[in-house]
Each structure stands twice: as structure tokens, then as C-alpha cells.
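Order-wise, the sequence lines are chains A and B. The first sequence begins at 1 in our numbering and counts up by one. The second sequence begins at 1001 in our numbering and counts up by one. Backbone N, C-alpha and C fix where the C-beta goes; we use that ideal spot for every residue, glycine too. Below is one structure, written out as C-alpha cells; comments come after it.
Number of protein chains: 2
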Amino acid sequence: MSIQVIAFDADDTLWVNETYFREAEDKFCALLEDYLPHHSVAKELFYTELQNIPHYGYGVKGFMLSMIETALRVSDKKIDPLVIEKAIQYGKDLLDKPIELLDGIEEVLHQLKKKYRLVVATKGDLLDQERKLKKSGLAEYFHHIEIMSDKREADYRKLIGHLDIDPVHFLMIGNSLKSDVLPVLAIGGHAIHIPYHTTWAHEQIDHAVEHVNFRELASARDLLGHLL
Amino acid sequence: MSIQVIAFDADDTLWVNETYFREAEDKFCALLEDYLPHHSVAKELFYTELQNIPHYGYGVKGFMLSMIETALRVSDKKIDPLVIEKAIQYGKDLLDKPIELLDGIEEVLHQLKKKYRLVVATKGDLLDQERKLKKSGLAEYFHHIEIMSDKREADYRKLIGHLDIDPVHFLMIGNSLKSDVLPVLAIGGHAIHIPYHTTWAHEQIDHAVEHVNFRELASARDLLGHLL
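Here's what the structure looks like:
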């Protein structure tokens, strides 16, 4: 591999994220148990989120609006306004979560920075992702942060165009096969998958990935053996 | 002036925006007239928006959440859920508005592109601003779009760093003295103010601007006389 730029996904690759969303979702589902069983509310919320992605994109604000819309629909517009207020508070709590780095990340970035140009490539709300990078204390390791409205092939082509390199010199590292791996391989780049124990259903794919430019590793620490 | 890069603000500089927000705000205030007079609801909404900027940043999704929070507060949490549903619909309508270019913009960009590198520098929701640029048909005139979480001096320093130029070769054009002019002048860049007939209260300043690197023009068409 003649890698020049390594892009790291942020949520659940550098730091804990999905865990917090699941906690918020659980609390939200519990609020609506007068109307539907917990798992049915979760299903309704997921349906709302999928419908809303083309309008809102990814991130906490869209998640908040999807909770509110789900509460209205599930209750046939009879929801107690206190439920709406709580959903908003769950969202604001998400924005205020401390950053919990994944194991070994900082040491790995410290080593990789000596040899590669590192960037962050993430979906989500602009301000929220910038703030998380700042709070993480990891900003110094990265040339910059690219916040992408989506992570499809065209989005990666644009990113790699900005970086002024050929795809063959680009490596993406992330926890989502769908967003961090498949589109990058499709345009000629390299990808490493480091699974996180919890994956949002929207990011799941149902087949294995095999490709000469692809590797799966158990943890960030394993990157050093492959890249140094 | 030895300008190399010209950055255009988007909303109310390239296309109509504030007009649509005001229409949504008017409809929202009318919904709450059982609780408070129209102008008092508007004041409450503005207060909520200001409180929320540090959490949500700028854009339609934050505006939607601020409408919902205002409805909860003004009604002492007794709001009819139908009002919440309508506020969400007003927000979704904003995301679906057609793009109405300001007078003369396309011809001006066509001419300026021959001599300068043009970029868009805007606040707001990532996906929404990208979508508006695409719908506008203006994307071909711009090297790229920079969506900024805020437009303070530090944000412009970052932008100009990315552009790999000195501030003295940078010109910002926009409708907000507060966001498009003052911070750019403060870091050594050039700025041109083209007022729009409606300005969000948060963007208003109460003093005149005088600076050797500053000009105020009545319309985009006047740019050609100054820059070609």
C-alpha cells in the first residue's frame, strides 16, 4: 500500500457514540409505552428516521425531530406535551455528552501522524461534530475535519478531490461497512473496518466484504502493525 | 486590490432566504395567538433561537426545534400537539422551497469566474445548504462550498487557511455586516456589503462600518464595475 492520507470516521471509531443514541432511544420508547410496546416504538422511530434522512441528513437535531414526529404519530396527535419536552431534553443531553475515546486511539494517532496525513471524515451535524473533535483533545493529530452530508461514492470522490490525491493513496478507517468501506473500495481506495459492538440498523449490510484493498481489524491498536 | 479568491455568502446574497423564514415565523406566531399576542410570540421565538445557537448552530432544523420549544414554554406545556405538527410542517416546507436567485447574480458570477476563484461561504445545515446550491444551478461557478458552523474571526482564519492564501487576497461578499464584513476586515481581508431588504435581528449591528478594505453596494450588478 502506498497510502498518503488516512481518513478516520469519528463516531464509534474515535469515540463512543451509538451507545448514547441507544440510551436516548430506550428512554424515549419507555415514554410511549402507553401507546405501543417498547420494541414497536423503536421500530416506528427507525421508520421515521429513514423517511427523514433525505430532509434532515444525519445527526442529533434530525434525531430529535424524528422522536417528536414519532410521538405525534404513535399517539394519533394526542401526546402529552411533557413527552415532547423530554424528547428534546434527551437530544440536548446527547449534545452535552462527554467524549469517551475508544481504547488505544490516541497512541495510534500519535504514531500514524509521523508517517501519514490524517483527516476526520464524518457524517452528522456540523457544529456537533466540530465540538466533539475539540472536546476529544484529538484535533492536533488531524490536518482537518471533513463533515460530509452523506458517505456515498460521489461524496468520497469529492473528498478525495479536495485532498488532491489519487484514490489509491487514500485509506478510510471506520466502523461501518456500508458507509466507511464499500463506497471507498468502489472508487479505488483502501478501507479498514474496525467493528464497534453496536451498529445502527441503517448502517448494517447482510453480506461479507472481500477485496484486495480491504482488511478487518479487531481494534485500533492493530492498525500500527499494518500501517507502520 | 489584489484579490484572488472571492467568497459569496449564500442566503440573501445569492438567493432569497430570510423572506421564507419570516413567512414561517408569521404563521407560527398566528398559531399561538391564544396564548400571547403575535409580536410577543415572535420575541419569545427569537429568545429561544438565541439560547439554542450554542447547541444547534444555524439552519432550519434548529429553527424547527426552537419553534417547538417556544410553543411548549408559551403554553406552559399545554400546547395542542397539532400545533407542534404544524411547526414541523412549516420547517419541512422551508427545506422544500424553490431557489429564487437574486437579480443579476448569474451574470455576475459568469463574469467574475473568468478572473477569480469563487467559493460559497455560508452558515446553516450541511445537507440543506448543499441541496440549495445544487438546486440553484450555480454550482458550476464555484470551486467549492464551505459550510461554516459560525462566521467569526477564527472561522474565517480557518477558511482562508484552507484556501492557502493571505487574507489580503481574500474578498467576502454578503448581506450581513456582522457575519460577512466585520470579522473579515478584522483579520485583514476585504469585504463588500450588499444589503438585503430583510435582515434577521441576530445579524443586525447598530453602527456604521468604515474601513479602507470595505465597500457597500446597492446590488450584485454593481460588483462588475468594482471587480472587473
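Whole-Å CB distance - residue i paired with residue j, under 8 Å assumed
i: Leu72/A; j: Ile1084/B; result: 6 Å
i: Ile1173/B; j: Asp1009/B; result: 7 Å
i: Val119/A; j: Glu146/A; result: 6 Å
i: Leu1031/B; j: Lys1086/B; result: 6 Å
i: Ile1099/B; j: Trp1015/B; result: 5 Å
i: Leu1223/B; j: Leu1217/B; result: 7 Å
i: His1190/B; j: Phe1170/B; result: 7 Å
i: Ala220/A; j: Asp103/A; result: 7 Å
i: Ile1165/B; j: Gln1004/B; result: 6 Å
i: Ala24/A; j: Leu82/A; result: At roughly 17 Å, the Cβ-Cβ gap does not stay under 8 Å, so Ala24/A and Leu82/A are not in contact.
i: Val237/A; j: Val181/A; result: With chain A represented from 1 up to 228, any question about residue 237/A goes unanswered, as that position is not in the structure.
i: Lys92/A; j: His1055/B; result: 6 Å
i: Asp26/A; j: Glu18/A; result: That pair is no contact at about 12 Å.
i: His1207/B; j: Arg1215/B; result: Actually they are not in contact, since the Cβ atoms of His1207/B and Arg1215/B sit about 17 Å apart, beyond 8 Å.
Closer than 8 Å at the beta carbon, the chain A residues around residue i
i: Lys1257/B; result: Past the edges of chain B, shown from 1001 to 1228, lies residue 1257/B, and the structure says nothing about it.
Min CB distance residue i to chain B below 8 Å
i: Ser179/A; result: no
i: Lys92/A; result: yes
i: Glu106/A; result: no
i: Leu95/A; result: yes
Partner residues on chain B for residue i, Cβ-Cβ distance less than 7 Å
i: Lys61/A; result: Tyr1056, Lys1061, Gly1062 and Leu1065
i: Leu31/A; result: Result: empty, since nearest Cβ-Cβ is about 14 Å, beyond 7 Å.
i: Glu69/A; result: Ile1088
i: Glu130/A; result: Ser1149
Cβ pair residue i, residue j closer than 8 Å
i: Pro1195/B; j: Lys1151/B; result: no
i: Leu177/A; j: Ile205/A; result: yes
i: Leu1127/B; j: Ser149/A; result: yes
i: Asn52/A; j: Gly62/A; result: yes
i: His110/A; j: Tyr141/A; result: yes
i: Leu1045/B; j: Phe1028/B; result: yes
i: Ala42/A; j: Ala121/A; result: no
i: Ile88/A; j: Ile1068/B; result: yes
i: Leu1112/B; j: Ser1136/B; result: no
i: Glu1106/B; j: Leu1138/B; result: yes
Residue i, enclosing alpha helix (DSSP H) - first and last residue
i: Thr122/A; result: No alpha helix (DSSP H) contains Thr122/A, which is instead part of the beta strand (DSSP E) from Arg117 to Lys123.
i: Ile1088/B; result: Pro1081 to Asp1096
i: His1197/B; result: Neither: His1197/B is in no alpha helix (DSSP H) and is coded neither H nor E.
i: His1211/B; result: Looking at the DSSP string, His1211/B is not in any alpha helix (DSSP H), and its letter there is neither H nor E.
i: Asp1128/B; result: Leu1126 to Ser1136
i: Gln204/A; result: Taken as a continuous stretch (DSSP letters only), Gln204/A belongs to no alpha helix (DSSP H), as it is neither H nor E.
i: Pro54/A; result: His38 to Tyr56
i: Thr1019/B; result: Glu1018 to Leu1031
i: Lys61/A; result: Val60 to Val74
i: Val1181/B; result: From DSSP, Val1181/B is part of no alpha helix (DSSP H); its letter is neither H nor E.
i: Ile1105/B; result: Ile1105 to Leu1112
i: Asp1222/B; result: Asp1222 to Leu1227
Interface residues of chain A facing residue i [CB-CB closer than 7 Å]
i: Leu1072/B; result: Pro81, Ile84 and Glu85
i: Ile1147/B; result: Leu126
Residue i - containing beta strand (DSSP E), residue span
i: Gly1174/B; result: Phe1170 to Gly1174
i: Phe1008/B; result: Val1005 to Phe1008
i: Glu1146/B; result: His1144 to Met1148
i: Ala1154/B; result: Unbroken run through Ala1154/B is the alpha helix (DSSP H), Glu1153 to Leu1163; no beta strand (DSSP E).
i: Arg215/A; result: Phe214 to Glu216
Amino acids of chain B, ordered along the chain, whose beta-carbon sits closer than 8 Å to that of residue i
i: Leu133/A; result: Neighbours of Leu133/A on chain B: none; closest Cβ ~11 Å, over 8 Å.
Chain C contact for residue i (CB, 8 Å cutoff)
i: Val168/A; result: As a matter of chain content, chain C is missing from the structure shown, whose protein chains are A and B.
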